[in-house]
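Using full-length UniProt numbering, you'd call the opening residue of the sequence shown number 1 and step up by one each time.
Glycine residues also receive a C-beta, built at the ideal position from the N, C-alpha and C atoms.
Note that the structure is predicted; figures quoted are calculated from it, not measured.
Reading through the C-alpha cells given below for one structure.
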Amino acid sequence: MQDHKKQAMAGLTLAALGVVYGDIGTSPLYTLRECFTGQNIPTTPENIFGILALIFWSLIFVVSIKYVAFILRADNRGEGGIMALMALARHYTTHAARWKIVLLGLFGAALFYGDAIITPAISVLSAAEGMEVLSPAMETWVLPMSVGVLLGLFLLQRFGTAKVGMLFGPVMMVWFATIGVLGLKEILVTPAVLHGLNPLHAVTFVQQHGFHAFLTLGSVVLALTGAEALYADMGHFGKTPIRRAWFSLVLPGLALNYFGQGALLMRDPSAIKNPFFILAPDWGLVPLIVLATLATVIASQAVISGAYSLSRQAIQLGYSPRMEVQHTSAQEIGQIYMPFINWLLLIAVMVVVLTFRSSGSLAAAYGIAVTGTMLITTALFFVVARVNWRWPLPLALGITIFFGLIDFAFFSANFHKITDGGWLPLAMGAVIFLLMSTWKRGRELLFHRLREQALPLEGFIENLEAFPPARVEGTAVFLTSTLHGVPHALLHNLKHNKVLHERVVLMTVRTEDVPYIAEDDRLDVVQMSASFWRVVARYGFKEDPNVLQVLEMCAKEGLEMELMDTSFFLSRETIVATGHPGMARWREKLFVWMSKNALRATDFFQIPTNRVVELGAQVEL
C-alpha cells in the first residue's frame, strides 16, 4: 500500500511538471536577455550579479514563499485559481463587501485571458528564434515557423490533450534537467557568478542604477510568469505534488540556468543577443531548439487549457453567457474543449504574433497582465485569511503588505511598457471585464424584472388544484430560475393551450460557490401538492448540469419520470433595452446581443431537443 501511494505521488508530481510549470519553465528563453537589453544595462560583472540576485530572490519570495507556502493553502474544497478564490472570499463576507470582491476577481480573471494570448505568442517565438543562432540567414523562417506551430496547436485542441498530455511530464522533466545541466556547465567554468546569490548585490544594483533599476523589474518579472498556474492547477494535482516538483526539479533547474547564462555573459558579453541558446554546444543546438519548441508548446497548452477551465467556471458562476463545452476525456473531468474560446484565442494570438513579430518586441506587452493578477490574488488572500481562517489582523495584514509591496513594485515597474505594447493585455482585460460584468448585471436585472411580473406560487397552485383546467397525461417539467414565482412558461402554456399535465415538476438548477457538490447534497425533491413537485438540483462551478441525470436521481427520491412521457417547457425571453434605471442603455444593448448569441438552454442542460417546448416572453430591462 505504501509503495502504491509513493508511485501515485510520483506520477502526480511528473504530471504537474508538464501542466503546471510549462510557462515558468520556458522563461529562461528570454528573461535575462530582456533584463539587460530592455533598459540597455551594460553586461558588467556587478550588473550581472545584481540582476541575477533580483531574479533568484524573486523566485524565492514570490513563488516559493508566497504561492507555494501561502497561496496554495487557500483552496476552495481542493480547487484553486482566481475564480475559485473569489468564490471562497465572497462566500463568507457581508453583502456590502461582495461586489468589491467580485470586481477584483473579475478583473483578475480578465487579465488571465490577456496572459493566455501573450504566453503562446512569446514562448513559441522565443523558441523559433534559436534558429537565428544556428544561422543568421534563417531569421526569415522564425515568423513562418512560429505561425505554423501555433496554428497546429490550436487545430489539435478539439482532439483533446488526454493522449498528448501523457508526454508533457517526461518532456518537461527532460527540459528542466537539460537547462540545469547547461547552466551548471557554465557555472563550473566561471564559479564567481555565484556571488549573485547574495541579495546585497540586488541592493547595490538598485543604488547604482536608481530609476533604471526600478524599470528593470519590468523584465525581472518575466521570470515569474506562470506562477499563477501553481494555484490554478491545484485541483488537478493537489498541493504536495506541486510543491515537490517545484523544490526538487523546477527551482534548481531554473536557478542553474539563469546563473549559467550569467557566467556565459561574464566571459562573453556579446552573448547577450541570445544567451540561452548560446549556452548549448554546436552539436546540441538543433536538439535544444526542438526541445525548446516542444516545451513552449506545452507552456502554451497549459494556458489554453486554463482559459477553457476559467471560461467554464465563469459560465457556471453567472459571469458569462452559455457556451458549448466538449469533454475530451472519459476519465478526467477537467479536460475540456470550448470551440468558441479556442478560435477566439487563435485569432488573437495570430494577430499578436504578426503585429509584434519577435519575442523582444512582445516582452514589452508581457508583465502587466501577470503582475495585475498577482496583486489581485494577494488582496483576495487577505480576505480569506482574515475572514475565513480568522487569522489575527496583524498577521494577515503583515503578510499581505509584504507580498503586496513586492507585487506592486513589479506592477508599477511595468507601467512604462504601456505605450510600447503593454496596452494590449490591459485593453483585452478591460473588454473581457466589461463583458463579464455586463452579463452578470444584466442577468440580475432580468431576474428582477421576471420576479416583479411573477405570480405568487403557493396561491397559484392552490387555485389550480381547487379549480383544475383540462388535464392531459404525462409529466411537464418547467425549468425556472426562481423558487417563489410561477414560471412564465407555465403561465403561457395555460394561456395558449388551456391544459395542464397530470403531473407538474418545477425544476431549478443552481450553481454554488464550490467546485463540486456531494451526491448526497445534489438534489432536493419536495411534493407541493397532489400534482405539483419542486426539484432543486445543485452543481459546483466545475461541473456540467445534466437534466437527464437529474431525472434518474429523482426516481430514487420517489419521483419517477418516463422520458418518452415527459415534456420540458422553457421560457425563451426576448429582451428589450429600455431607459429604465439599472444599467446604461448601451450596456443593455450589449447584454441583449450577448443573450442572442448564448448557447441554447436545451443544449447547455443536455435536454433531448425532441422533448422540449419553448414559449416566448418579452421582458423590458
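Beta-carbon proximity check, residue i vs residue j, cutoff 8 angstroms
i, j, result
"V147", "V353", "yes"
"G218", "N414", "yes"
"V183", "L52", "What sits at residue 183 in the sequence shown is Gly, not Val. No, these two residues do not count as a Cβ contact at 8 angstroms."
"T400", "F382", "yes"
"Y255", "F56", "Reading off the sequence, residue 255 comes out as Ala, not Tyr. Going by C-beta atoms, A255 is nearer than 8 angstroms to F56."
"L88", "N76", "yes"
"E228", "T31", "no"
"L224", "V62", "yes"
"M583", "R443", "no"
"H488", "A369", "no"
"L12", "F259", "no"
"F356", "G422", "no"
"L426", "L464", "no"
"E473", "L523", "no"
"F604", "R322", "yes"
"E519", "L222", "no"
"M173", "L249", "yes"
"E186", "P515", "no"
"S567", "R600", "no"
"Y231", "G81", "yes"
"F168", "G25", "no"
"G38", "T178", "no"
"V286", "L134", "yes"
Residues bridged to residue i [DSSP beta-bridge criterion]
i, result
"residue 651", "Outside the modelled stretch of the chain, which goes from 1 to 621, sits residue 651, for which no answer is possible."
"H327", "I336"
"A476", "V504, S567"
"V509", "A537"
"E79", "N76"
"P456", "G485"
Close Cβ partners of residue i (< 6 angstroms) along its chain, the five nearest in sequence each way excluded
i, result
"Q313", "M83, F541"
"L551", "M561"
"L590", "T438"
"A202", "G50, A53, L54"
"H484", "L457"
"V206", "A213"
"I333", "Here I333 scores only 49 on pLDDT, less than 50, and its place in the model should not be relied on; the value that follows carries that caveat. There are no such residues."
"A245", "T13, A16, L17"
"residue 687", "Residue 687 lies beyond the range of the chain shown here (1 to 621); nothing can be said about it."
"N388", "Y92"
"R471", "L500, E502"
"K239", "L72"
The beta strand (DSSP E) enclosing residue i, as first and last residue numbers
i, result
"I575", "566-576"
"A617", "612-620"
"A427", "Element bounds for A427: not the beta strand (DSSP E) but the alpha helix (DSSP H), 423-453."
"R244", "It is not in any beta strand (DSSP E) - R244 instead sits in the alpha helix (DSSP H) that spans 239-245."
"F532", "532-539"
Nonlocal neighbours in the same chain, by C-beta distance under 7 angstroms from residue i, ignoring five residues either side
i, result
"Q527", "W533"
"T43", "F36, L265, P269, I272"
"G180", "P252, G253, L256, N257"
"A292", "L29, A127, G130"
"E486", "First, the amino acid is wrong: residue 486 is Val here, not Glu. For V486, where only same-chain residues beyond five positions count, the Cβ hits under 7 angstroms are A454, L455, L457, F460."
"F107", "I376, G429, F433"
Spatial neighbours of residue i in its chain, beta-carbon cut-off 8 angstroms, leaving aside the 5 residues before and after
i, result
"M131", "M138, E139, W141, V142, M145, I289"
"L491", "L455"
"Q316", "T511, Y539, G540, F541, K542, E543"
"L615", "H488, A489, H492, N493, H496, F569, L570, S571, R572"
"S300", "G22, T119, P120, S123, V124, L150, L153"
"V576", "V592, Q618, V619, E620, L621"
"I341", "A307, Y308, S311, M323"
"S481", "F447, L450, T508"
Span of the alpha helix (DSSP H), counted from its first residue to its last, around residue i
i, result
"Q523", "A small correction: the amino acid at residue 523 is Leu; Gln does not occupy that position in the sequence shown. Premise fails: L523 lies in the beta strand (DSSP E), 523-527, not in any alpha helix (DSSP H)."
"R267", "251-267"
"Y308", "285-316"
"D23", "22-25"
"K100", "95-128"
"I376", "368-383"
"M594", "585-596"
"A229", "227-232"
"F604", "601-604"
Closer than 8 angstroms to chain D by CB, residue i
i, result
"H580", "Given the protein chain composition of this structure (a single chain), no chain D is represented."
Taking contact to mean 3 or more Cβ pairs, one atom from each stretch, closer than 8 angstroms, check whether the segment 295-314 and the segment 116-127 are in contact.
yes
Any 3 or more C-beta pairs closer than 8 angstroms across the segment 446-460 and the segment 507-515:
no
Does the segment 100-117 touch the segment 421-440, meaning 3 or more C-beta pairs lie closer than 8 angstroms?
yes
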